[in-house]
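2 protein chains.
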Amino acid sequence: MSKGAEAGAGVVARRGRPARYSQDDLVAVVAQVFLERGYDATSMADLARASGLTKSTFYHHVSGKEQLLRLAVSRALDALDGVFEEEARLDDSPVHRLERVLRRTTEVLLAELPYVTLLLRLRGNTEVEREALERRRSVDARLAQLVQDARAAGQIRSDLEPRLVTRLLFGMVNSLVEWYRPDGSGASGVGHGSRDDEIVHAVVELALDGLHARRG
Amino acid sequence: MSKGAEAGAGVVARRGRPARYSQDDLVAVVAQVFLERGYDATSMADLARASGLTKSTFYHHVSGKEQLLRLAVSRALDALDGVFEEEARLDDSPVHRLERVLRRTTEVLLAELPYVTLLLRLRGNTEVEREALERRRSVDARLAQLVQDARAAGQIRSDLEPRLVTRLLFGMVNSLVEWYRPDGSGASGVGHGSRDDEIVHAVVELALDGLHARRG
DNA sequence: AAATCAATACCGAACGTTCGTTCGACAATA
DNA sequence: TATTGTCGAACGAACGTTCGGTATTGATTT
Chain A
1 MSKGAEAGAG VVARRGRPAR YSQDDLVAVV AQVFLERGYD ATSMADLARA
51 SGLTKSTFYH HVSGKEQLLR LAVSRALDAL DGVFEEEARL DDSPVHRLER
101 VLRRTTEVLL AELPYVTLLL RLRGNTEVER EALERRRSVD ARLAQLVQDA
151 RAAGQIRSDL EPRLVTRLLF GMVNSLVEWY RPDGSGASGV GHGSRDDEIV
201 HAVVELALDG LHARRG
Chain B
1 MSKGAEAGAG VVARRGRPAR YSQDDLVAVV AQVFLERGYD ATSMADLARA
51 SGLTKSTFYH HVSGKEQLLR LAVSRALDAL DGVFEEEARL DDSPVHRLER
101 VLRRTTEVLL AELPYVTLLL RLRGNTEVER EALERRRSVD ARLAQLVQDA
151 RAAGQIRSDL EPRLVTRLLF GMVNSLVEWY RPDGSGASGV GHGSRDDEIV
201 HAVVELALDG LHARRG
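In order, the protein sequence lines correspond to chains A and B.
1 is the number of the first residue of the first sequence in full-length UniProt numbering; add one for each residue after it.
1 is the number of the first residue of the second sequence in full-length UniProt numbering; add one for each residue after it.
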């Protein structure tokens, strides 16, 4: 991400044959296939077929498999960074900040599902993956800080270790990528009936108040 | 693979050179490598090297990459099935059953980490994977039933959809595989300071009572 | 006790396939 | 004519797997 020159919004060919596919469109298609088959198990032939192109034509539009992964996970990381940028502009009590970040992060995850899914599945096998994982760790760290602040302010329970709580909370949020499919009929056959806002509400409620029936 | 005659429990050589590696030992090594590099990204050469064997010798002891995955995820599924078998022998109120299954499932996950991790990462690309996913779905279904029962008994809150709650709860538990490493210094550089019982306690507490500071 | 045998552990080399990627040529447009 | 989209064919590398042969052992036979 040192040079961000390649990804304007819609790179349109100014001469020659009109471009049928923008870079972003292709990344969207690619991410979807990665999401279904897994990155390693997806071949360039798979990606080309899903884009309606031959392998060689596909290579005319993209620079390679690893760069495609890079573009996709960068989309997720940019969106997640955005959550904390919004948050920095607001002033609120620690627990309310935590709740809002929890809510917004969940919303971003649902909105950018394929990209976030790819990000969460990285194993750090290549340099591209390791760079992305480093950016992801910085997101985690900012979240852990929010938990710490809320705890220092006495607004959340203090009998559980903050780092552990942070991991469990965002583990719950991130687990959405395992079954949520934006379309009503999931391709993996899982399927669900939850609307986005219902999911976001359940996440925040469960995280803060737990599952027990309230006394009163 | 049409003939599955080769795999008894502990096939011990009755003659000739003593076997230095049992099937289970090899599966343990293999699962660890799968866990670190990811199944697809792991080559048979990687597995042989981790076992201290050449590729061809390694093939003398195992039947192939896919069968290794099968053995590994079966270990996880057997352990998870065991949790529900124990549970069936006990009689208790629904919410206590749910709490104990939550606790035992977390314990099993920590104890059988590499195997459960592999199970959770399956994408269903091959027949072996699809069979394992089907067994996994039956585990999920039994868990969902427990949530339903506790809700019907009025012991957990009824304002959240049971299927959604089930998924979020076990999403939180399953997310442990993303960072937990049994050894103090994780190979992925994550590292943590939590003991197993502390983690189990936090999971159950967070799930049932939530993060909010208790009033009183 | 020595020789023999069957079974197993082990290895280097190679197989056929699939992978990501490149290349040269042709078609279409400005 | 310059530029871009498209394509078939091929590249070297890496993959999972197989094979022929050798080394080492325990049991059996002499």
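Built from N, CA and C at the ideal position, the CB exists for glycine as well.
Source: prediction; values computed, not measured.
Using beta-carbon distances, aspartate 40 of chain B counts as an interface residue toward chain A, with a partner under 8 Å. In terms of CA proximity to valine 33 of chain A, B:Asn125 leads the group B:Leu68, B:Leu206, B:Arg181, B:Asn125.
Residue nearest to valine 139 of chain B within the set B:His61, B:Tyr59, B:Arg167, B:Leu160 is B:Arg167 (criterion: CA-CA distance). Of all residues in the stretch 53-70 of chain A, none has a C-beta nearer than 7 Å to a C-beta of chain B. Secondary structure note for arginine 70 of chain B: its alpha helix (DSSP H) is the uninterrupted segment 65-89. Against chain A, the CB of glycine 210 of chain B has a partner CB under 8 Å away; the residue lies at that interface. Put simply, the backbone Cα of proline 162 of chain A is about 10 Å away from that of leucine 211 of chain B. Where arginine 163 of chain A is concerned, the enclosing alpha helix (DSSP H) starts and stops at 162-174. Here valine 83 of chain B is near valine 101 of chain B, since their CB atoms are less than 8 Å apart. Three or more Cβ pairs closer than 8 Å define a contact, and the stretch 98-113 of chain B falls short of that threshold against the stretch 59-74 of chain B. About 6 Å separates the beta carbon of valine 177 of chain A from that of leucine 120 of chain A, a gap short enough to meet the 8 Å contact definition. Contacts between alanine 50 of chain B and chain A, judged by CB atoms closer than 8 Å, are missing: the closest CB pair is about 15 Å apart. Around serine 175 of chain A, the beta-carbon contacts reaching into chain B at under 8 Å are Arg167, Leu168, Phe170, Gly171, Met172, Asn174, Ser175.
The residues Thr126, Val128, in chain order, have a CB closer than 7 Å to that of glutamate 66 of chain B in the same chain once the five nearest residues on each side in sequence are set aside.
When only Cα atoms are considered, valine 147 of chain A and threonine 42 of chain A end up about 38 Å apart. In this structure, the straight-line span from the alpha carbon of alanine 213 of chain B to that of leucine 160 of chain B is close to 21 Å. If the five residues before and after valine 29 of chain B are omitted, its C-beta is found closer than 8 Å to the C-beta atoms of Leu47, Ala50, Ser51, all from its own chain and listed in chain order. Listed in chain order, the positions of the stretch 145-162 of chain B with a beta carbon within less than 7 Å of a beta carbon of chain A are Gly154, Gln155, Ile156, Arg157, Leu160, Glu161. Counting C-beta atoms within 10 angstroms of its own C-beta, arginine 130 of chain B has fewer than 16 neighbours from the protein chains shown and is therefore classed as exposed. Taking each of A:Tyr21, A:Tyr115, A:Thr54 in turn and checking the Cα distance to glutamate 36 of chain A, the smallest one comes out for A:Tyr115. For a cut-off of 8 Å, the C-beta gap from tyrosine 180 of chain B to leucine 118 of chain B is around 14 Å, too long to register as a contact. Setting aside the 5 residues that flank it on each side, leucine 113 of chain A is surrounded in the same chain by Val177, Tyr180, Pro182, each with a C-beta closer than 7 Å to its C-beta; the list follows chain order. Excluding the 5 residues flanking it on each side, alanine 153 of chain A has same chain C-beta neighbours closer than 6 Å at Pro94, in chain order. The C-alpha of glutamine 145 of chain A is placed about 42 Å away from the C-alpha of alanine 45 of chain B. Put simply, of B:Arg195, B:Arg104, B:Leu169 the residue whose alpha carbon is nearest the alpha carbon of aspartate 209 of chain B is B:Leu169. At least 8 Å separates the CB of arginine 103 of chain A from every CB of chain B. The Cβ-Cβ distance between alanine 207 of chain B and methionine 172 of chain B falls below 8 Å.
According to DSSP, histidine 212 of chain B shares a beta bridge with A:Ile156.
For serine 43 of chain A, the secondary structure class from DSSP, reduced to helix, strand or coil, is coil. In the three-state reduction of the DSSP assignment, arginine 123 of chain B falls in the coil class, being assigned neither a helical nor a strand state.
Only residues of its own chain outside the window of five on either side were considered, and among them none has a CB closer than 6 Å to the CB of tyrosine 59 of chain B. For threonine 57 of chain B, the three-state secondary structure derived from DSSP is helix. When DSSP states are grouped into helix, strand and coil, valine 33 of chain B belongs to the helix group.
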